[in-house]
Structures are given as structure tokens and as C-alpha cells.
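Input: a single structure, listed below in C-alpha cells.
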Amino acid sequence: MITKRYRNDDVDLAYADEGRGETLVLIHGHPLSHVTWDEQAAILCRDYRVIRPDLRGLGASALSPVPFQMETLADDLAALLDVLGIARAAIVGHSLGGYVALAFYRRYRERVGALGLVSSRVQGDTPELAEMRMAMADRIEREGMGPFIDFVLPLFFAERVYEERPDIVGRTRRLLADCSPRGAAEMYRAMARRPSSEDLLADITVPFLVVTGTADALIPPGLQRYAADAVPHARYVELAGCGHFPLYERPIETAEALRELIA
């Protein structure tokens with residue numbers, strides 16, 4: 001897939017665009033890029049137009065010269081849809097991408113045809129978690145990606161995956177190692193500053209999907225189930241034995257859940 005480019009706020013941003021039909025936007029997690037959605041995009045682009053942005057500072061997108069918020073990333077996405085002439089789309093985010101999807105719904109809900117969270121949550125950070133993110137962000141800038149990889153990679157997947165699927169563990173390690181330390185640090189700070197999105201739950205009127213793994217060690221399934229329980233028409237998909245990365249651990253089931261969201 002050839003990465004394309006656009007600009008917003010004088011920042012050079014990248015995205016992938018493939019397929020035709022109704023539009024599905026897939027937003028990646030931290031500190032990764034649009035390629036984490038490769039397997040789902042390959043399946044879904046046969047029937048839909050699949051847009052995958054690289055969030056600013058990550059992947060092939062440049063980092064803005066000033067700190068940013070989740071709302072800034074939502075504005076980047078709105079600008080991309082404007083460039084492509086897309087009025088409305090299904091918006092789905094994995095982990096960090098879910099926070100961006102919720103910020104987009106808050107600011108541009110008339111442009112959201114459906115909303116999906118994959119291994120993500122609506123709650124804001126506790127003070128302790130926000131403090132940890134800020135401290136880790138400082139360490140990433142001082143020492144590079146190594147300390148963050150050591151911290152987060154053992155938490156990405158279900159325990160058995162580390163022995164049974166070294167290929168996807170290695171693929172993820174390479175993605176993390178290739179990430180810009182400054183981009184990863186600034187994004188972690190933005191995540192720590194984000195507000196809760198719990199107030200949005202009562203106003204979600206579009207099709208709403210929550211996908212979680214029962215072995216998610218980063219965001220406990222109960223926190224994810226909370227959002228689905230609060231929206232009467234929500235669809236909740238719980239993948240038994242799956243960790244925080246269903247995009248790699250259960251790619252086909254994740255793609256089919258997204259297909260049902262659009263359909």
C-alpha cells in the first residue's frame with residue numbers, strides 16, 4: 001500500500017487509502033502506525049473504502065512543533081476527510097485510536113456513521129496512570145524507545161502468544177523500535193491529558209461496537225464492557241483468550257466484527 005500525504009496546521013501527515021464503497025476509517029494504537037490494520041484492510045477493502053491515517057508524530061506523519069491534544073488529532077482526521085471529499089464515515093480506533101475516535105465523535109458527530117472501539121475505553125486516566133505516562137514520556141525522550149518496549153511489549157498479547165506466535169511479537173517489536181521517541185513521548189503526554197469520554201455514552205445514537213479480549217492486560221475487559229453496557233444498542237464482541245492486540249491475534253474475527261458494524 002502506497003502511503004499518501006496531506007497537510008493540516010502546516011503539519012505533513014500520512015495515510016493509506018484503498019477500496020471503494022462506504023468509508024471505514026481505522027485509527028491505530030500507540031506508538032504504532034496504520035500498518036497494524038493491514039490484515040483487516042486487506043479483507044474489508046474488497047467491499048468498502050478503507051482509510052488508515054498515521055497520527056501526527058507516529059508512522060510516516062510529522063510531529064507538530066507544539067504539544068497537542070486528542071482534539072487536535074480529531075481535527076487532523078476531519079481535515080483528511082475534507083481532502084478526500086468524504087462527508088461521513090464509520091470511525092474505529094484501536095487503543096489510543098479509540099480515544100481519537102471518541103474525540104472525533106465529540107467534535108464531528110454529524111460525520112460519524114458508526115463508531116467502534118477495539119481494545120479501548122471511554123474512561124480518562126487516573127491521576128496515578130497519568131503521572132506514570134508523563135514519567136515514561138520523559139524517559140523515552142532521554143533514553144529512546146528501549147525502556148518503553150521493555151514495559152509495554154509483555155503486556156500487548158495474551159501470555160501464550162509469546163511462545164506460539166513469535167512472528168507477530170517480533171513484528172510489533174520492530175514497529176515500536178522504529179517509532180520516533182519524541183513522537184511517542186508527545187503522544188503519551190496527550191493521552192495522559194485527555195478527558196473522560198463517559199459523558200458521550202448517553203448521546204451515541206449511531207451503530208456502536210466494542211471489541212475486547214478476555215486476556216487484555218493493558219485495559220481490563222470490564223472497563224471496555226462498561227461502554228457497551230451504557231449504550232443500549234451497542235454490540236459487544238469478547239474474544240476469548242485474546243490480549244490487547246486482536247488486530248494481530250484474531251485478525252479475521254476482528255475484521256468480521258467491523259464488517260457487521262458497517263452493515
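The letter at position 12 of the sequence shown is residue 12 when you use the numbering used here, and the numbering goes up by one with no holes. Even for Gly, the Cβ is constructed at its ideal location relative to N, Cα and C. Quick caveat: nothing in here was measured; it's all calculated off a predicted structure.
query                                                                                                                                                         : result
I want to know whether the segment 168-187 touches the segment 229-239 - three or more CB-CB distances under 8 Å.                                             : no
So who's on the other strand from Gly68, going by DSSP bridges?                                                                                               : Per the sequence shown, residue 68 should be read as Phe rather than Gly. Bridge partners of Phe68: none, in fact.
Under 8 Å by Cβ, that's how I've got Gly29 and Val161 pegged, so tell me the actual separation to the nearest angstrom.                                       : About 16 Å separates the two Cβ atoms, so there is no contact after all.
For Pro53, write down the residues that DSSP places opposite it in a beta bridge.                                                                             : Tyr15
Work out the CA separation of Asp12 and Gly21 for me, nearest whole Å.                                                                                        : 27 Å
Report the option in Arg189, Ala114, Leu96 and Val100 whose CA atom is closest to the CA atom of Arg88.                                                       : Ala114
I'd like the ranges of any alpha helix (DSSP H) spanning at least 4 consecutive residues and lying wholly in the segment 129-175.                             : 146-156 and 161-164
According to DSSP, what are the bridge partners of Glu238?                                                                                                    : Thr212
Got a sec, what are the start and stop residues for the beta strand (DSSP E) Tyr105 sits in?                                                                  : That residue, Tyr105, is in no beta strand (DSSP E); its alpha helix (DSSP H) goes Leu96 to Tyr108.
Assign Val92 to one of two classes, buried (16 or more other C-beta atoms within 10 Å of its C-beta) or exposed (fewer than that).                            : buried
Taking the alpha helix (DSSP H) that Leu115 belongs to, which residues open and close that run?                                                               : Element bounds for Leu115: not the alpha helix (DSSP H) but the beta strand (DSSP E), Val112 to Val118.
Tell whether a beta-carbon distance below 8 Å holds between Leu26 and Arg52.                                                                                  : yes
Roughly how far, in whole angstroms, is the beta-carbon of Arg255 from the beta-carbon of Leu44, given that I think they are within contact range, below 8 Å? : The sequence shown places Ala at residue 255, not Arg. Contact holds; Cβ gap of about 6 Å.
Suppose the cutoff is 8 Å on Cβ atoms and the five residues either side in sequence are ignored; what does the same chain contact list for Ala74 look like?   : Val100, Ala103, Phe104, Arg106, Arg107 and Tyr108
Whose C-alpha, out of Glu164, Asp9, Arg250 and Asp125, is nearest the C-alpha of Met191?                                                                      : Asp125
Assign Ile219 to one of two classes, buried (16 or more other C-beta atoms within 10 Å of its C-beta) or exposed (fewer than that).                           : buried
Any idea what DSSP makes of Val231, helix, strand or coil?                                                                                                    : coil
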